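Number of protein chains: 2
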Amino acid sequence: MTDKILELARNRKSTRKYSVKEVNIEDVLYSLDVARFSPSGANEQPWRFIIIDDKEVKKRVRDASEKGEKILYDNVKGEFRDWLLSHGLSHRKPFLEEAPILIAILMKKTAKYATESIWVAVGHMLLALEERGLNTLVYTPSNTEFPKKELEAPEGFRLEAIIPVGYSEDDSMKTSKHNLNEIVFKNNWGTTI
Amino acid sequence: MTDKILELARNRKSTRKYSVKEVNIEDVLYSLDVARFSPSGANEQPWRFIIIDDKEVKKRVRDASEKGEKILYDNVKGEFRDWLLSHGLSHRKPFLEEAPILIAILMKKTAKYATESIWVAVGHMLLALEERGLNTLVYTPSNTEFPKKELEAPEGFRLEAIIPVGYSEDDSMKTSKHNLNEIVFKNNWGTTI
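So the sequences go chain by chain: C and P. Heads up, the first sequence is in numbering that gives the first Met the number 0, so the first residue is 0 and it goes up one at a time. Heads up, the second sequence is in numbering that gives the first Met the number 0, so the first residue is 0 and it goes up one at a time.
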């Protein structure tokens with residue numbers, strides 16, 4: 000009996016600062032091979048992936064993403080604004096240019112359970128990339144149309160996320176987590192384990 | 000360098016028929032511990048879990064779920080109907096009673112990126128349960144309110160999925176999958192790897 004999955008999940012940290020160290024594309028393909036085997040509603044496999052390693056394309060994707068973020072940050076209010084500021088976040092997304100590789104994840108809009116299936120695959124991919132010693136972030140653009148346009152993806156697909164992949168130069172801590180007994184009940188809501 | 004994640008993802012099969020063999024609840028808690036460490040938008044950790052091992056509760060959840068499925072199956076048309084029939088699926092969900100344990104997954108509706116976060120956690124959990132040798136299905140009720148009511152979950156949470164957990168008596172084959180070069184592009188849509 001192994002605890003490999005727990006070890007990987009526990010060690011993974013969202014990474015916003017990447018070193019210049021190159022990424023072996025075979026490791027990225029490995030994670031997409033894993034995604035390929037993840038389950039999907041009605042076996043529709045609604046995922047498509049674009050691996051971006053071209054500097055020019057990364058810059059265009061960054062610029063397009065920041066254009067959308069600028070609109071969000073100029074308008075965000077209340078608790079979410081406080082949370083963003085307290086985490087030092089801004090509309091600037093340098094990791095989209097600095098990470099050696101980006102993985103754009105596109106979803107076939109008409110597939111049944113498309114969103115659920117895509118994100119189960121993301122859950123698989125993150126562990127596979129961690130297994131290969133790679134650091135990641137799950138970036139969900141505020142406006143997905145701007146960067147999608149740079150990738151020339153067709154109408155029937157939606158850009159769900161961009162995952163920068165590389166090696167961390169980030170010393171950020173793992174975020175705090177609920178204890179298990181705060182989130183797990185037995186047989187009905189409110190009955191603790 | 001290991002290929003553990005690929006091995007688990009590749010071996011996992013959706014299981015609709017479960018043996019009576021009991022499940023060690025520690026293995027279920029292990030998978031929820033893994034879910035606990037999965038990333039979530041703005042670190043909101045919008046997940047709550049109800050482990051159901053009580054026969055009465057399982058029966059009520061099954062009945063409530065089938066009530067919703069009956070409405071779907073009475074009204075489904077076209078390609079999806081053909082797909083359901085060709086896979087021998089019906090409104091009957093005996094696995095909700097036969098699997099030794101069900102995990103109900105609830106989502107805090109107001110959390111940012113709640114759906115994405117929940118399903119990344121599901122992607123983690125499925126691999127963790129597979130690691131412990133357990134078989135699973137991701138069941139998304141057609142009407143989530145009926146079974147949710149049986150679990151007495153509060154208004155602010157949505158029942159996203161029910162995962163039956165147990166040992167397979169199913170000899171169904173792994174579903175067919177796209178090849179990697181059918182779903183992965185390089186730098187822009189249409190440029191193959």
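All residues carry an ideal CB built from backbone N, CA and C; glycine is no exception. Only a predicted model underlies this, so the values are computations on that prediction, with no experimental measurement involved.
Cβ-Cβ distance between residue i and residue j below 7 Å
i, j, result
"Arg61 of chain P", "Leu88 of chain P", "no"
"His90 of chain P", "Glu55 of chain P", "no"
"Thr143 of chain P", "Leu128 of chain P", "no"
"Val22 of chain C", "Ile100 of chain C", "yes"
"Phe145 of chain C", "Gly67 of chain C", "yes"
"Leu31 of chain P", "Val183 of chain C", "yes"
"Asp53 of chain C", "Asn134 of chain P", "no"
"Ile24 of chain C", "Ile102 of chain C", "no"
"Arg35 of chain C", "Lys176 of chain P", "yes"
"Lys3 of chain C", "Lys173 of chain P", "no"
"Ala110 of chain C", "Glu181 of chain C", "no"
"Thr1 of chain C", "Thr114 of chain P", "no"
Neighbouring residues, chain P, relative to residue i (Cβ below 7 Å)
i, result
"Pro8 of chain C", "The sequence shown places Ala at residue 8 of chain C, not Pro. Correct list: Val33, Phe36, Ser37 and His123."
"Asp53 of chain C", "Asn186"
"Lys20 of chain C", "Near Lys20 of chain C there are no residues of chain P at all, since even the closest Cβ is about 17 Å away, more than 7 Å."
"Ser13 of chain C", "Pro38"
Cross-strand partners of residue i (DSSP beta bridge)
i, result
"Val164 of chain C", "C:Ile100 and C:Thr135"
"Met172 of chain P", "Note: Met172 of chain P sits in no beta bridge, so no partner."
"Val183 of chain P", "C:Phe48"
"Thr191 of chain C", "C:Phe184"
"Lys107 of chain C", "C:Phe156"
"Ser13 of chain C", "C:Thr135"
Other residues of its chain near residue i: CB distance less than 8 Å, five sequence neighbours each side excluded
i, result
"Val137 of chain C", "Ser13, Val121, Leu125, Ala160 and Ile162"
"Pro92 of chain P", "Sequence inspection shows Lys at residue 92 of chain P; the Pro mentioned does not correspond to that position. Closer than 8 Å at Cβ, skipping near neighbours: Arg61, Ser64, Glu65, Glu68 and Tyr138."
"Gly165 of chain C", "Thr14, Tyr17, Ser18, Lys20, Val22, Glu97, Ala98, Pro99, Ile100, Leu133 and Asn134"
"Leu7 of chain P", "Leu126, Glu129 and Glu130"
"Thr190 of chain P", "Phe184"
Within chain C, the residues that residue i reaches when beta carbons sit closer than 9 Å
i, result
"Glu115 of chain P", "Thr114, Ile117, Trp118, Val121, Val137, Thr139, Glu159 and Ala160"
"Phe79 of chain P", "Ala41 and Lys111"
"Glu130 of chain P", "Met0, Thr1, Asp2, Lys3, Ile4 and Leu5"
"Val56 of chain P", "Asn186 and Asn187"
Sequence-distant residues of its chain with Cβ nearer than 6 Å to residue i (five each side left out)
i, result
"Arg59 of chain C", "Glu149"
"Ser37 of chain C", "Val119, Ala120 and His123"
"Tyr112 of chain C", "Gly40"
"Lys147 of chain C", "Leu158"
"Met106 of chain C", "Pro45, Ala113, Ile117, Arg157 and Glu159"
"Arg47 of chain C", "Leu105"
"Ser85 of chain P", "none"
Anticipated Cβ contact below 8 Å, residue i with residue j, distance rounded
i, j, result
"Ile117 of chain C", "Pro45 of chain C", "6 Å"
"Tyr17 of chain C", "Glu130 of chain C", "Wrong, their Cβ atoms sit about 18 Å apart, outside the cutoff."
"Leu5 of chain C", "Val33 of chain P", "5 Å"
"Pro153 of chain C", "Trp188 of chain P", "7 Å"
Interface partners of residue i on chain C, CB under 8 Å
i, result
"Gly87 of chain P", "Within 8 Å Cβ-Cβ: nothing; Gly87 of chain P doesn't reach chain C, min ~14 Å."
"Pro153 of chain P", "Trp188"
"Leu28 of chain P", "Leu179, Val183 and Ile192"
Partners in chain P for residue i, counting only beta-carbon separations shorter than 8 Å
i, result
"Asn42 of chain C", "Thr174 and Ser175"
"Phe48 of chain C", "Ile182, Val183 and Phe184"
Contacts around residue i, its chain only, beta-carbon distance under 7 Å, and the 5 residues preceding and following it disregarded
i, result
"Glu97 of chain C", "Tyr17"
"Glu78 of chain P", "none"
"Asn10 of chain P", "Glu129"
"Val75 of chain P", "Leu83"
"Tyr29 of chain P", "Ala127 and Arg131"
"Lys57 of chain P", "Ile51, Leu95, Glu96 and Leu101"
"Val27 of chain C", "Ile50, Ile100, Ile102 and Val164"
Chain-ordered chain C contacts of residue i [CB-CB under 7 Å]
i, result
"Ile100 of chain P", "Per Cβ cutoff of 7 Å: no residues; Ile100 of chain P is ~10 Å from chain C at best."
"Leu133 of chain P", "None at all; the shortest Cβ gap to chain C is about 12 Å."
"Leu126 of chain P", "Ile4, His123 and Leu126"
Chain P residues whose Cβ lies nearer than 9 Å to that of residue i
i, result
"Leu150 of chain C", "Phe184, Asn186, Asn187 and Trp188"
Contact test: residue i Cβ vs the ligand MG heavy atom, cutoff 6 Å
i, result
"Ser64 of chain P", "Judged by which ligands are present, the structure shown has none, so any question about the ligand MG falls away."
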